[in-house]
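Note that the numbering used here gives residue 49 to position 48 of the sequence shown, counting from 1, and the numbers run on in steps of one.
Down below is the structure, laid out as structure tokens.
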Amino acid sequence: MIFIYKTQHCPYCQQVARYLDTKGKKYEFIDITDDHAKRLELQQLTGATTVPITFKGKKFVVGYNIGKLAELIG
């Protein structure tokens with residue numbers, strides 16, 4: 002399963018979702034807009050302070066990068 006960590010007003014999060022839709026991939030959003038603890042956890046895990054962060058298993062991509070997303074989803 003693919004998970005996209007997002008915030009409510011993130012246009013890049015929607016672009017990641019649209020890209021995955023075009024590839025026929027199923028995903029689930031995890032909204033961290035008001036979840037400070039989850040934001041800190043993600044920052045410690047990924048080193049990123051921004052969204053989207055797209056996970057598949059233990060691998061992840063930060064931001065909207067089609068090349069890296071393509072590698073992630075195989």
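Cβ atoms here follow ideal geometry from the backbone N, Cα and C, with glycine treated the same way.
Problem - DSSP three-state assignment for Asp36, whether helix, strand or coil - result: Taking the sequence shown and counting its residues from 1, the one referred to as residue 36 is at position 35. Asp36 falls in the coil class under three-state DSSP.
Practice task
Apply the 10 Å Cβ neighbour rule to Thr34 and answer buried if 16 or more other Cβ atoms are within range, or exposed otherwise.
Solution key: Reading the sequence shown from its first residue, position 33 is the one you call residue 34. By the 10 Å Cβ count, Thr34 comes out exposed.
Exercise for the section: Indicate whether the contact test is met: 3 or more Cβ pairs, each with one atom in the stretch 67–75 and one in the stretch 36–45, closer than 8 Å. Expected result: no
Practice task
Can you tell me the Cβ-Cβ gap for Ile5 and Pro53, rounded? I've got them flagged as a contact below 8 Å.
Solution key: Reading the sequence shown from its first residue, position 4 is the one you call residue 5. Reading the sequence shown from its first residue, position 52 is the one you call residue 53. With 8 Å as the limit, Ile5 and Pro53 qualify as a contact, their Cβ atoms being about 5 Å apart.
Practice task
Reducing DSSP to helix, strand and coil, say where Lys59 ends up.
Solution key: To locate residue 59, count along the sequence shown from 1; it is residue 58. Of the three classes helix, strand and coil, the one that applies to Lys59 here is coil, per DSSP.
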